[in-house]
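Shown next, in structure tokens, is the structure this report addresses.
Residue numbers (my numbering): 1 to 370.
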């Protein structure tokens, strides 16, 4: 059985957790290893070919002490797993964003992974945004040394298209449609709108969005109330509690008129991936802020209104020529009634094509692991 070390952003965010889940399901004869918070042993408990080592678990602590004592090496257990594995797979979405002027720590981590790994793959990424040309140039050199890189949008791909080991494919999560034979048919639908929300307060730094926080809340509340007036149920869904999604949902619900409260619910993703995805089944409409809420809405055949809060979502809208969406800077001027009339379902033929294309995210992994 081949062994693969997985490097991913695991912070109880449905999108990232689902990408790792899809990877493990695709290769049932491969043994995967990840180091994460101990709670991930429950998240992935139904995946027999995934071993989760807790950061503070006895095995990790033991080997970290051994490597520190005899080799003066920090994070020795992680490095040992990389060296012992047949490959390292870095899977994620926005993994190559230049968040800070000093990006050396992130770059050094990626350089070390490449150096220690027998094979190195990157799956599912977009590149950027970034502000320093040196950031791009150093990653261009580094990614050129990988055994395979798959990006998820044209804007990212154009930056690396001269590298023969770099390809583009639809987002990894579209593979969920292949695994579950999801079609563009209404599944147990009722008159319900599912709102995926994020917390914008405190999101500052290079690509800050906190300045749009109040406009965003007002828009989502106004839109929710408009649907409630029309006899819809409303459900707010949190994809990532640690990043404040559940807190944002609670605040929005508290600001909705009391006469509607009985028709408003909240669901928080905690550790059950498939239960969270089932929340999409009953909905007729998805108002999606989280990137993968948009993807799951399309997969489930729903009417979808994307709320574009960063470059990665805008790039996908451009690639798919998806014209009905709202942007943060325009929220204060949008008439919600007009938007409600424009929301539509993605054609089933297009969804099926995206599902097929998404398999190409694993072109390099198929070569190495199958």
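Beta carbons are placed, not taken as given, at the ideal position from N, Cα and C, and that holds for glycine.
Being a predicted model, the structure only gives us computed values, none of them experimental.
For this session: Express the C-alpha separation of residue 191 and residue 247 in angstroms, rounding to a whole number.
Result: By one-based count along the chain shown, residue 247 stands at place 247. By one-based count along the chain shown, residue 191 stands at place 191. Residue 247 and residue 191: Cα-Cα distance of roughly 25 Å.
For this session: With DSSP collapsed to three states, give me the class of residue 129.
Result: Against the chain shown, residue 129 aligns to sequence position 129. Correct three-state label for residue 129: coil.
For this session: Compare the Cα-Cα distances from residue 47 to each of 226, 18, 73, 70 and report the closest residue.
Result: As a working mapping, residue 47 is identified with position 47 in the chain shown. Selected option, being the one with the closest Cα: 18.
Problem set entry | Same chain, Cβ closer than 6 Å to residue 38, five either side skipped, listed in chain order | For this step, residue 38 is matched to residue 38 along the chain shown. The residues are 54.
Exercise. Which value, in whole angstroms, describes the spacing of the CA atoms of residue 226 and residue 341?
Worked result: Numbered from 1 along the chain shown, position 226 holds the residue referred to as residue 226. Numbered from 1 along the chain shown, position 341 holds the residue referred to as residue 341. Roughly 12 Å separates the two Cα atoms.
Problem set entry | Cβ distance (whole Å) where residue 8 is taken to contact residue 172 below 8 Å | In the chain shown, residue 8 corresponds to position 8, counting from 1. In the chain shown, residue 172 corresponds to position 172, counting from 1. No, residue 8 and residue 172 are not in contact; Cβ-Cβ is about 11 Å, not under 8 Å.
Exercise. Does the distance from the C-beta atom of residue 198 to that of residue 244 stay below 9 Å?
Worked result: The residue you call residue 198 lines up with position 198 of the chain shown. The residue you call residue 244 lines up with position 244 of the chain shown. In this structure, residue 244 lies closer than 9 Å to residue 198 by Cβ.
For this session: Take every Cβ of the stretch 52 to 72, pair it with every Cβ of the stretch 279 to 288, and state whether three or more of those distances are shorter than 8 Å.
Result: no
For this session: Can you give me the Cβ contacts of residue 332 inside the same chain, cut-off strictly under 7 Å, excluding the 5 residues immediately before and after it?
Result: The residue labelled residue 332 in the question sits at position 332 within the chain shown. Once the five neighbours on either side are set aside, the close Cβ partners of residue 332 are 215.
Exercise. According to the Cβ coordinates, are residue 122 and residue 99 closer than 9 Å?
Worked result: Locating residue 122 in the chain shown gives position 122, where the first residue counts as 1. Locating residue 99 in the chain shown gives position 99, where the first residue counts as 1. No.
Problem set entry | Per-residue burial, residue 364 [other beta carbons within 10 Å of its own, 16 or more giving buried] | As a working mapping, residue 364 is identified with position 364 in the chain shown. Result: buried.
Problem set entry | Limits of the beta strand (DSSP E) - the one that residue 33 falls within | By one-based count along the chain shown, residue 33 stands at place 33. Here the beta strand (DSSP E) through residue 33 covers 30 to 36.
Exercise. How about the stretch 250 to 265 and the stretch 204 to 214: do they share at least three Cβ pairs that are nearer than 8 Å?
Worked result: no
Exercise. Which stretch, first to last residue, makes up the beta strand (DSSP E) that contains residue 296?
Worked result: Here residue 296 refers to the residue found at position 296 of the chain shown. From DSSP, residue 296 is part of no beta strand (DSSP E) but of the alpha helix (DSSP H) over 291 to 299.
Problem set entry | Rounded straight-line distance, which links the Cα of residue 50 to that of residue 149 | For the purposes of this step, residue 149 is taken as residue 149 along the chain shown, with counting starting at 1. For the purposes of this step, residue 50 is taken as residue 50 along the chain shown, with counting starting at 1. Computed Cα separation, rounded: 22 Å.
For this session: With residue 313 as the anchor, note down where its alpha helix (DSSP H) starts and where it stops.
Result: Sequence index remark: in the chain shown, residue 313 carries index 313 (1-based). Counting along the chain, the alpha helix (DSSP H) containing residue 313 begins and ends at 311 to 320.
Problem set entry | For residue 318 and residue 162, the rounded distance between their alpha carbons | Locating residue 162 in the chain shown gives position 162, counting from the first residue. Locating residue 318 in the chain shown gives position 318, counting from the first residue. Computed Cα separation, rounded: 22 Å.
For this session: Please report the Cβ distance between residue 307 and residue 314, rounded to the nearest whole angstrom; I am assuming they are in contact, meaning their Cβ atoms lie under 8 Å.
Result: For the purposes of this step, residue 307 is taken as the residue at position 307 of the chain shown. For the purposes of this step, residue 314 is taken as the residue at position 314 of the chain shown. Residue 307 to residue 314, Cβ: 11 Å. No contact.
For this session: Return the CA-CA distance between residue 298 and residue 345, expressed in angstroms with no decimal places.
Result: Start at 1 with the first residue of the chain shown, and residue 298 comes out as number 298. Start at 1 with the first residue of the chain shown, and residue 345 comes out as number 345. Rounded to whole angstroms, residue 298 to residue 345 spans 7 Å at the Cα level.
Problem set entry | Residues near residue 292 in its chain [Cβ-Cβ closer than 6 Å; skip 5 each side] | Residue numbering aside, residue 292 sits at position 292 when the chain shown is read from its first letter. 15, 173, listed in sequence order.
Problem set entry | Which of helix, strand or coil DSSP assigns to residue 186 | Position 186 of the chain shown holds residue 186. In this prediction, residue 186 has a pLDDT of 49, which is less than 50 and means its spatial position is unreliable; what the coordinates show is noted afterwards. Here residue 186 sits in coil by DSSP.
For this session: Rounded to whole angstroms, what's the CA-CA distance from residue 64 to residue 77? Just pull it up for me.
Result: Here residue 64 is taken as the residue at index 64 of the chain shown, counted from 1. Here residue 77 is taken as the residue at index 77 of the chain shown, counted from 1. Between residue 64 and residue 77, the C-alpha separation is close to 5 Å.
Exercise. If we ignore side chains and look at the alpha-carbon of each, how far apart do residue 321 and residue 74 end up?
Worked result: Translated into the one-based positions of the chain shown, residue 321 becomes position 321. Translated into the one-based positions of the chain shown, residue 74 becomes position 74. So the two alpha carbons sit approximately 47 Å from each other.
For this session: Kindly indicate the opening and closing residues of the beta strand (DSSP E) around residue 2.
Result: Numbered from its first residue, the chain shown carries residue 2 at position 2. First-last of the beta strand (DSSP E) with residue 2: 2 to 7.
Problem set entry | Helix, strand or coil at residue 197 according to DSSP, with G and I counted as helix | Residue 197 sits at position 197 when you count from the first residue of the chain shown. Of the three classes helix, strand and coil, the one that applies to residue 197 here is coil, per DSSP.
For this session: Would you identify the three-state DSSP class for residue 266, choosing helix, strand or coil?
Result: As a working note, residue 266 is residue 266 in the chain shown. Strand.
Problem set entry | Under 9 Å between C-beta atoms of residue 238 and residue 269 | Working through the chain shown from its first residue, we reach residue 238 at position 238. Working through the chain shown from its first residue, we reach residue 269 at position 269. Yes, the pair counts as a contact, with Cβ atoms nearer than the cut-off.
For this session: Examine chain B for any beta-carbon lying closer than 9 Å to the beta-carbon of residue 27, and answer yes or no.
Result: In the displayed structure, chain B is absent; only one protein chain is listed.
Exercise. Ends of the beta strand (DSSP E) at residue 168?
Worked result: One-based indexing of the chain shown puts residue 168 at position 168. Its beta strand (DSSP E) spans residues 166 to 168.
Problem set entry | First and last residue of the uninterrupted alpha helix (DSSP H) at residue 180 | Along the chain shown, read from residue 1 onward, the residue named residue 180 stands at position 180. Looking at the DSSP string, the run of the alpha helix (DSSP H) that includes residue 180 is 175 to 180.
For this session: Measure the beta-carbon distance from residue 139 to residue 96 and round it to whole angstroms, keeping in mind my assumption that it falls under 8 Å.
Result: In the chain shown, counting from the first residue as 1, residue 139 sits at position 139. In the chain shown, counting from the first residue as 1, residue 96 sits at position 96. Residue 139 to residue 96, Cβ: 6 Å. Contact.
Exercise. Between residue 276 and residue 13, which are expected to be in contact by the criterion C-beta below 8 Å, what is the C-beta distance as a whole number of angstroms?
Worked result: As a position in the chain shown, residue 276 is number 276, starting the count at 1. As a position in the chain shown, residue 13 is number 13, starting the count at 1. Not confirmed; about 11 Å, so no contact.
Exercise. Going straight from the alpha carbon of residue 6 to that of residue 224, what length do you get?
Worked result: If you number the chain shown from 1, residue 6 lands on position 6. If you number the chain shown from 1, residue 224 lands on position 224. Straight-line Cα distance between these residues: approximately 39 Å.
For this session: Tell me, to the nearest whole angstrom, how far the beta carbon of residue 126 is from that of residue 93; I am working on the premise that it is less than 8 Å.
Result: Counted from its first residue, the chain shown places residue 126 at position 126. Counted from its first residue, the chain shown places residue 93 at position 93. 7 Å between Cβ atoms; contact.
Exercise. Is residue 303 near residue 264, with beta carbons less than 9 Å apart?
Worked result: Position 303 of the chain shown, counted from the first residue, corresponds to residue 303. Position 264 of the chain shown, counted from the first residue, corresponds to residue 264. Contact: no.
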